């Protein structure tokens, strides 16, 4: 066993002990509390969930709700192709709790993933016994991957995305570099990722499209409606701020809302907490309501801003808007810009787009725009608000781009089902 692996395993064992302590002491709140609770007796709970169930065709693992948007069309296609069930695991409560509220699709069993210790990996796979394993984007769990390889389970990484600054390329990333070599095949989002993987000695790599487009187009084509948001949006054009993640996002969006009381604003936080909702309401000097305080019969005449205080519906809510801002762009984790684009919306986002290809492509098409200050966001908004011809050009360019970028799902699933 390498030194890197020894250090990694020691860190995982320590983390597991810490999570158990937090769970028993009940000292955490929010996501940490949910996660700690989920990890208590997790193997026993999974055994109960899977008891009497048929061995799944595939185990699909996603970190959170954003990664699930990639996994969702794959899961549907895998179910269709195999006629068998799928086991879906999450690392973060954001994904698991959203699906628990909405209900998983037929044939899909959902649970948390136990922490990546050697013992957990063995026990989990003894229970699940998948015929295939699929990890999404950057989920590299060395013990699970090592155990899958030893059991000769074909294993895939979908929508892989690496940059020269990725953790696996740092001095401390040896265990992650070894984990990458355990995959049967890696499907990369861009040629830079493929080149990096080849340099690390991963030879079975291909560049594929992004299943996020297939998922987003499916969502946009659905007839799902939200009666409360529809009632709110009927009273004027709506600017939607999706996945508002930090103080930078909040500052830009609230400044725009406060300067333009004639425009309706729909704000969707990335994470929900009492503190974040209070702060959002405080920063919005106009009249704001929480979604949970409303009904379809609510009179929104004096409500400029509606704050969505639940998780899971954002991809469906973009349909009610005319302009979009996507949060996370002041960190390395810009959220999905594809979800608003499939509706033909112009989209603004923060400057940290070095990890992702799509925001850069949208910039070149004039559909997306980087904004660094509240002034830049307002300039972008006004330029579009007062130019219907430009709005129509953006709509056409956005929808055409989304259509041309779709179709990755069947190609990816074909490789997975054939075990190549």
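In our numbering, the protein residues as written are 726 to 1145.
Just so it is clear, CB atoms sit at the ideal spot from N, CA and C, and this is done for glycine as well.
This structure is a prediction, so every number in the text was calculated from the model and none was measured.
Rounded separation between residue i and residue j - CA only
i            : j            : result
residue 964  : residue 897  : 43 Å
residue 1087 : residue 1060 : 14 Å
residue 1026 : residue 980  : 21 Å
residue 1042 : residue 947  : 12 Å
residue 1007 : residue 1143 : 54 Å
residue 1028 : residue 1133 : 41 Å
residue 990  : residue 1022 : 19 Å
residue 1114 : residue 935  : 30 Å
residue 1136 : residue 1117 : 32 Å
residue 1019 : residue 950  : 16 Å
residue 733  : residue 997  : 32 Å
residue 861  : residue 1121 : 30 Å
residue 851  : residue 1083 : 39 Å
residue 1130 : residue 1050 : 21 Å
residue 836  : residue 908  : 23 Å
residue 1111 : residue 986  : 16 Å
residue 918  : residue 910  : 13 Å
residue 869  : residue 959  : 50 Å
residue 903  : residue 1085 : 31 Å
residue 1066 : residue 776  : 42 Å
residue 853  : residue 877  : 14 Å
residue 906  : residue 920  : 14 Å
residue 1001 : residue 736  : 31 Å
residue 822  : residue 1107 : 38 Å
residue 826  : residue 1046 : 25 Å
residue 1080 : residue 916  : 12 Å
residue 961  : residue 1038 : 21 Å
residue 995  : residue 1058 : 12 Å
residue 758  : residue 793  : 22 Å
residue 999  : residue 742  : 29 Å
residue 871  : residue 1024 : 57 Å
residue 895  : residue 875  : 26 Å
residue 731  : residue 1054 : 35 Å
residue 814  : residue 988  : 40 Å
From the options, residue whose alpha carbon lies closest to that of residue i
i            : options               : result
residue 774  : 1063, 745, 812        : 812
residue 739  : 829, 916, 855, 841    : 841
residue 972  : 809, 1075, 1103       : 1075
residue 956  : 1031, 1063, 917       : 1031
residue 1139 : 807, 781, 786, 787    : 807
residue 1048 : 1068, 1038, 1054      : 1068
residue 984  : 999, 1001, 1024, 1010 : 1010
residue 1128 : 1080, 940, 758        : 940
residue 1090 : 854, 906, 1126        : 1126
residue 817  : 731, 856, 764         : 764
residue 778  : 766, 855, 747         : 855
Beta-carbon spacing of residue i, residue j below 8 Å
i            : j            : result
residue 884  : residue 795  : yes
residue 1033 : residue 993  : yes
residue 1092 : residue 1105 : no
residue 790  : residue 1036 : yes
residue 797  : residue 945  : no
residue 771  : residue 849  : yes
residue 1063 : residue 922  : no
residue 880  : residue 873  : yes
residue 1071 : residue 1119 : yes
residue 781  : residue 809  : yes
residue 1102 : residue 1073 : yes
residue 982  : residue 1052 : no
residue 839  : residue 768  : yes
residue 968  : residue 1056 : no
residue 858  : residue 783  : yes
Assumed close pair residue i, residue j - CB separation to whole angstroms, cut-off 8 Å
i           : j            : result
residue 893 : residue 882  : With 8 Å as the limit, residue 893 and residue 882 do not qualify as a contact, their Cβ atoms being about 12 Å apart.
residue 819 : residue 890  : Not a contact, Cβ separation roughly 24 Å.
residue 761 : residue 744  : 5 Å
residue 864 : residue 788  : 6 Å
residue 899 : residue 729  : 3 Å
residue 803 : residue 1141 : 7 Å
Evaluate contact between the stretch 831-839 and the stretch 973-991, counting only Cβ atoms and requiring at least three cross-stretch pairs below 8 Å. no
Using 8 Å as the Cβ pair cut-off and three pairs as the minimum, do the stretch 920-939 and the stretch 1004-1019 touch? no
For the stretch 912-927 against the stretch 996-1007, are there 3 or more C-beta pairs whose distance is under 8 Å? Between the stretch 912-927 and the stretch 996-1007 there are fewer than three inter-stretch CB-CB distances shorter than 8 Å, so the stretches are not counted as touching.
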